[in-house]
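**Q** My structure is below; once you've seen it, I'll send some questions.
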Amino acid sequence: MCHNGGSARTSGGSVAADKELVVIAAQKKGCKLGRIRLQRVPDATGKSLEDAIQKNIEPGSIVQTDAWQGYNGIGKLGYIHEVISPVPDVGINLLPKVHLVASLLKRWLLGTYQGAVRPIHLDYYLDEYTFRFNRRRSHSRGKLFYRLLQQATEPLTIKEFHSRKSCSGAIYD
Numbered sequence: 006m007c008h009n010g011g012s013a014r015t016s017g018g019s020v021a022a023d024k025e026l027v028v029i030a031a032q033k034k035g036c037k038l039g040r041i042r043l044q045r046v047p048d049a050t051g052k053s054l055e056d057a058i059q060k061n062i063e064p065g066s067i068v069q070t071d072a073w074q075g076y077n078g079i080g081k082l083g084y085i086h087e088v089i090s091p092v093p094d095v096g097i098n099l100l101p102k103v104h105l106v107a108s109l110l111k112r113w114l115l116g117t118y119q120g121a122v123r124p125i126h127l128d129y130y131l132d133e134y135t136f137r138f139n140r141r142r143s144h145s146r147g148k149l150f151y152r153l154l155q156q157a158t159e160p161l162t163i164k165e166f167h168s169r170k171s172c173s174g175a176i177y178d
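Counting in my numbering, the sequence shown runs from 6 upward without gaps.
Now the structure itself:
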């Protein structure tokens, strides 16, 4: 469920200073990987992890995790919590869908941004990757563009639209 780029978590839930902690929620569709959600969190404490889970996963869903203590309270939030391993250690193939998404995300960031990923922009990169990944099998490019515009723009009333026009009629910020 949670990935930190390879550094070990401390007992307080913090990570190395040069790493960012990202919660990865990967939907299982039989043997295949469904949709994903990615969210940066400040630490691996129960509060941070629970907030990310509530924001990204529908209540009543089965949430599989390792035995990290930060996940202990999610059963009380309306989720079915399954601990895959009794040891709070990431390990090989513990959560293969999550590890696959982490690997693909890292490869995409390195290939697209040539290692120039800055923490200030990470949330935007995670949103872009999630959007692309969740639409990877879409056959309708027009609908893809439409959905991108929908998510990139905020709805305006006519009054708000006219107040944003410059003298030339172009909208500006």
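Even glycine gets a Cβ: it sits at the ideal position worked out from N, Cα and C.
Can you give the beta carbon distance from Asn55 to Ile79, rounded, assuming they're within the 8 angstroms contact cut?
**A** This sequence places Glu at residue 55; Asn is not what is there. About 6 angstroms separates the two Cβ atoms, so the contact holds.
**Q** Below 6 angstroms CB to CB, which residues in the same chain sit around Val28 once its five sequence neighbours on both sides are set aside?
**A** Within the same chain, Val28 has close Cβ partners Cys7, Gln44, Val46 and Ala57.
**Q** Considering only C-alpha positions, which residue in the set Asp23, Ile85, Ala121 and Thr162 is nearest to Ile67?
**A** When only C-alpha atoms are compared, the closest one is Ile85.
**Q** So the alpha helix (DSSP H) Lys52 belongs to, where does it begin and stop?
**A** From DSSP, the alpha helix (DSSP H) with Lys52 extends over Gly51 to Asn61.
**Q** Run through the stretch 76-160 for me and flag every whole beta strand (DSSP E) of 3 or more residues, listed as ranges in chain order.
**A** Segments of the beta strand (DSSP E) lying fully in the stretch 76-160: 85-88.
**Q** On the criterion of 16 or more Cβ atoms from any shown chain inside 10 Å, does Ser53 qualify as buried, or is it exposed?
**A** Buried is the call here.
**Q** Who does Thr70 pair with in a DSSP beta bridge?
**A** Answer is Val88.
**Q** Going by DSSP, what residue range makes up the beta strand (DSSP E) through Gly39?
**A** Element bounds for Gly39: Lys37 to Val46.
**Q** Within 10 Å of its beta-carbon, does Ile42 have 16 or more other beta-carbons around it, so buried, or fewer, so exposed?
**A** Before going further, note that residue 42 is Arg rather than Ile in the sequence given. Looking at its Cβ environment, which holds 16 or more other Cβ atoms inside 10 Å, Arg42 is buried.
**Q** From this set, Gly83, His104, Arg137 and Asn139, which residue's C-alpha is nearest Lys59's C-alpha?
**A** The residue you asked about is not Lys; residue 59 is Gln in the sequence shown. For Gln59, the nearest C-alpha among the options comes from Gly83.
**Q** Could you give the C-beta distance for Gln74 and Leu100, rounded to a whole number, given that I count them as a contact under 8 angstroms?
**A** With a Cβ gap of about 17 angstroms, Gln74 and Leu100 do not count as contacting.
**Q** In or out: Lys102 buried (at least 16 other Cβ within 10 Å) or exposed?
**A** Lys102 should be labelled buried.
**Q** Nearest to Leu154 by alpha carbon, out of Arg123, Gly120, His144 and Glu133?
**A** The option with the nearest alpha carbon to Leu154 is Glu133.
**Q** Going by alpha carbons, who is nearest to Thr50 out of Leu26, Lys81, Pro91 and His104?
**A** The option with the nearest alpha carbon to Thr50 is Leu26.
**Q** Just tell me which of Ala72, Glu87, Arg141 and Phe138 has its CA closest to the CA of Gly65.
**A** Considering only alpha carbons, the answer is Glu87.
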